[in-house]
Amino acid sequence: MPGTPLATELELPSLDHTEPSLRGDRYRAAMAELAGDGDWLARNPFGFTVLERESGEFFLRTKDAVFPGLKIAELFGISDGPLHEEIVKNIININGDDHRRLRNLVNPALAPRAVARYRPAMRAFAERLLDERSAVQSCELIAEFAKPYPARVIAHVMGAPLADAPRLQDWSNWIQRQFDPASLMAERDRIETAVSEFYEYADALIEARRRAPGEDLITDLIAAEQEGERLSHDELRNLVLNILVGGVDTSQSQLAHAVRLLAEHPEQWALLRQDPHGLALAAVDEAIRYEPITPFTARITIAELEHRGIRFPAGSVVLVSAWHANREGLADGSFDIAAERGRERVLTFGAGIHYCVGANLARAEMQEGLALLAERVSSLRLEGEPTFGTPSGIYGLESLPLRLGLER
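Per the working numbering, the sequence shown starts with residue 10, numbered consecutively.
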């Protein structure tokens, strides 16, 4: 509309979320300072960052903005090969009727009731990892629990041999790096190799499940049918890849942050210990709110659109800050697993048609892991400073040294 200012013409606060030193306390301080400016919009090196819930939901839900995966592929010259195939067929880059059909086919396999059957195995994996430890001992949580636990869970969910869990973890870690520009520039060959290797592995696993169905996700997806529609082989293996990538690194990172927050807030740990099963899910949801491991969710506008009296040209890259949206409207936004947070859904898992397909699985996995830890670990404290990753991509921890007191 004539007279409506362009976003590119505005004077806005800015934050470079790709700055390598933006970690831990410095990251939190920068995010809090940005919120303190009172603006709903800021600049970043690629475009704009939305700092509030309502506007964040607008950009995540509008049909005039999509996930920029295809644009990233174009910018980096990814025009053929396994990584190109994976990007083009990734459900996050598929929209319209094709996306709706895929979601309708996959959603039942990842609904809360379907996910519940994996809970006994989740608990057993967590128990085994703790059984390997002595009563009181130093622990590097990332290597000794947060990494192997979700890898074993995803292997079980897929119907893969548990011995393959480390390979699945490694593939997930590398394939996830397609969303990090620095990794695409420096490590593209290794990312390509991971996609190719996983495709070969998934093809064999799918064929095995066609011959001998099991109680697993791949069997469910093979059988999925709605109004005569079935998944093609390529659709099936790419959905399995999406669930692998979304169910290992992300769960590992969010679980690690949850345990870190509980170690930093001993009164919260004591509260969880009083009622592990009653409060574990609340603790998971509070960690997802307070320290989102996807602090920025990207969209690119495919048409000029107007929002709040500002025009965004086609091709504008917009990042939605879950960190800010998840804190909006709270008189006390401190970490509190017993707080009544209302019904506002956090934006950590996104919103709209691309809301995380594996959210139910991730929450159940973290719930079972935290409940078991609260039952078995009498004391929990930091034994050194955590090593934080950067918030560009998945915001995780590289190390989390703890001192655990285990009950047998």
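Just so you know, even glycine gets a beta-carbon here, dropped at the ideal spot from N, CA and C.
Ala265 beta carbon less than 8 Å from that of Gly405: Here residue 405 is taken as the residue at index 396 of the sequence shown, counted from 1. Here residue 265 is taken as the residue at index 256 of the sequence shown, counted from 1. Contact: yes.
Rounded Cβ spacing between Arg52 and Leu21 (contact assumed at less than 8 Å): Counting from one through the sequence shown, the residue named residue 52 turns up at place 43. Counting from one through the sequence shown, the residue named residue 21 turns up at place 12. Rounded, the Cβ-Cβ distance is 5 Å, consistent with contact.
Contact check, Ile346 vs Leu281, beta carbons under 8 Å: In the sequence shown, the residue the question calls residue 346 occupies position 337. In the sequence shown, the residue the question calls residue 281 occupies position 272. A contact, by the Cβ cut-off of 8 Å.
C-alpha distance - Arg219 paired with Asp89, whole-angstrom precision: Position 210 of the sequence shown holds residue 219. Position 80 of the sequence shown holds residue 89. Inter-residue distance for Arg219 and Asp89 is about 29 Å (C-alpha atoms, whole angstroms).
Extent of the continuous beta strand (DSSP E) to which Pro159 belongs: In the sequence shown, counting from the first residue as 1, residue 159 sits at position 150. Taken as a continuous stretch (DSSP letters only), Pro159 belongs to no beta strand (DSSP E), being part of the alpha helix (DSSP H) at Pro157 to Met167.
Gly393 versus Ile403, Ile252 and Glu407, residue with shortest Cα-Cα distance: What you label residue 393 is simply residue 384 of the sequence shown in a count that begins at 1. The residue among Ile403, Ile252 and Glu407 with its C-alpha nearest the C-alpha of Gly393 is Glu407.
Assigned exposure category for Glu201 - 16 Cβ within 10 Å defines buried: Translated into positions along the sequence shown, residue 201 becomes position 192. Classification for Glu201: buried.
Closest Cα partner of Gly256 within the set Ala221, Ala373 and Ala348: By one-based count along the sequence shown, residue 256 stands at place 247. Checking every option, the nearest Cα to that of Gly256 belongs to Ala373.
Segment limits, beta strand (DSSP E) that includes Asn53: Your numbering for residue 53 matches position 44 in the sequence shown. Start and end: Leu50 to Asn53.
Gly342 versus Arg336: straight-line alpha-carbon distance, rounded: Locating residue 342 in the sequence shown gives position 333, counting from the first residue. Locating residue 336 in the sequence shown gives position 327, counting from the first residue. Taking the Cα positions, Gly342 is about 6 Å away from Arg336.
Element boundaries [alpha helix (DSSP H), containing Leu281]: Taking the sequence shown and counting its residues from 1, the one referred to as residue 281 is at position 272. Pro275 to Gln283 is the span of the alpha helix (DSSP H), which, as asked, contains Leu281.
Residue span of the beta strand (DSSP E) that contains Phe495, given as start and end: Residue 495 lies beyond the residue range present for the chain, which begins at 10 and ends at 417; the question has no answer from this structure.
Start-to-end residues for the beta strand (DSSP E) that takes in Ala307: As a position in the sequence shown, residue 307 is number 298, starting the count at 1. Start and end: Phe305 to Thr310.
Beta carbon of Leu193 nearer than 8 Å to that of Phe85: Residue numbering aside, residue 193 sits at position 184 when the sequence shown is read from its first letter. Residue numbering aside, residue 85 sits at position 76 when the sequence shown is read from its first letter. A contact, by the Cβ cut-off of 8 Å.
Buried versus exposed call for Thr303 [16 or more other C-beta atoms within 10 Å across all chains shown]: Counting from one through the sequence shown, the residue named residue 303 turns up at place 294. It is buried - the Cβ of Thr303 has at least 16 other Cβ atoms within 10 Å.
Rounded straight-line distance, which links the Cα of Arg128 to that of Thr58: Taking the first residue of the sequence shown as position 1, residue 58 is located at position 49. Taking the first residue of the sequence shown as position 1, residue 128 is located at position 119. Approximately 37 Å, taken between the alpha carbons.
Local conformation of Ile302 per DSSP, three classes: The sequence position of residue 302 within the sequence shown is 293, counting from 1. Residue state, collapsed to three classes: coil.
Spatially closest choice to Trp171 from Trp180, Asp179 and Ala160, by CA coordinates: Within the sequence shown, residue 171 is the residue found at index 162, counting from 1. The sequence shown places Leu at residue 171, rather than the Trp named in the question. The shortest Cα separation from Leu171 among Trp180, Asp179 and Ala160 belongs to Ala160.
Own chain partners of Ile87 with C-beta closer than 6 Å, once the 5 adjacent residues on each side are dropped: Numbered from 1 along the sequence shown, position 78 holds the residue referred to as residue 87. Non-local C-beta neighbours of Ile87 in its own chain, meaning closer than 6 Å and more than five positions away in sequence, comprise His93, ordered along the chain.
Near the ligand GTP: Trp49 beta-carbon under 7 Å from a heavy atom: Ligands in the displayed structure: none, and consequently the ligand GTP is not present.
Local conformation of Val355 per DSSP, three classes: The sequence position of residue 355 within the sequence shown is 346, counting from 1. For Val355, the three-state secondary structure derived from DSSP is coil.
Close Cβ partners of Gly33 (< 7 Å) along its chain, the five nearest in sequence each way excluded: By one-based count along the sequence shown, residue 33 stands at place 24. Taken in chain order, the residues that qualify are Phe397.
Of the residues Asp179, Ala120, Leu379 and Arg112, the one placed nearest His286, counting alpha carbons only: Working through the sequence shown from its first residue, we reach residue 286 at position 277. Of Asp179, Ala120, Leu379 and Arg112, the residue nearest in Cα terms is Leu379.
Simplified DSSP state of Thr399, which is helix, strand or coil: Here residue 399 is taken as the residue at index 390 of the sequence shown, counted from 1. Coil.
For Asn247 and Glu95, the rounded distance between their alpha carbons: Position 86 of the sequence shown, counted from the start, is the residue given in the question as residue 95. Position 238 of the sequence shown, counted from the start, is the residue given in the question as residue 247. Using only the alpha carbons, I get a separation of about 7 Å.
Residues that Thr58 bridges to, as DSSP identifies them: By one-based count along the sequence shown, residue 58 stands at place 49. Paired residues: Ala51 and Leu328.
Buried or exposed by the 16-neighbour rule on C-beta atoms within 10 Å, applied to Ala340: Along the sequence shown, read from residue 1 onward, the residue named residue 340 stands at position 331. Exposed is the call here.
Beta-carbon proximity list for Ala331, same chain, < 7 Å, skipping 5 on both sides: Here the question's residue 331 lines up with position 322 in the sequence shown. Counting only Cβ-Cβ distances below 7 Å, and skipping sequence neighbours, we find Pro301, Thr303, Pro304, Thr306, Val355, Leu356 and Thr357.
Beta-carbon contacts of Ala82 that lie in its chain and below 7 Å, excluding the five residues immediately before and after: As a working note, residue 82 is residue 73 in the sequence shown. Counting only Cβ-Cβ distances below 7 Å, and skipping sequence neighbours, we find His93 and Ile96.
Endpoints, the alpha helix (DSSP H) within which Phe85 is located: Counting from one through the sequence shown, the residue named residue 85 turns up at place 76. Secondary structure note for Phe85: it is in no alpha helix (DSSP H), with a DSSP letter that is neither H nor E.
Close Cβ partners of Leu24 (< 7 Å) along its chain, the five nearest in sequence each way excluded: Within the sequence shown, the letter at position 15 stands for residue 24. Within its own chain, the residues whose Cβ lies closer than 7 Å to the Cβ of Leu24, once the five positions on either side in sequence are excluded, are Ala39, Leu43, Ala51, Asn53 and Thr58, listed in chain order.
Exposure label - Arg269; buried when at least 16 CB within 10 Å: One-based indexing of the sequence shown puts residue 269 at position 260. Buried is the call here.
Residues near Ile227 in its chain [Cβ-Cβ closer than 8 Å; skip 5 each side]: Position 218 of the sequence shown, counted from the first residue, corresponds to residue 227. Met167, Gly168, Leu214, Ile215, Arg218, Leu245 and Val249, listed in sequence order.
Arg320 - DSSP class collapsed to helix/strand/coil: Numbered from 1 along the sequence shown, position 311 holds the residue referred to as residue 320. Looking at Arg320 - three-state DSSP - the assignment turns out to be strand.
Residue from Ala267, Thr310 and Leu114 whose Cα sits closest to the Cα of Ala383: Along the sequence shown, read from residue 1 onward, the residue named residue 383 stands at position 374. The residue with the shortest Cα to Cα distance from Ala383 is Ala267.
Touching by the beta-carbon criterion (3+ pairs, under 8 Å), the segment 146 to 156 and the segment 115 to 134: They do not touch, by the three-pair rule.
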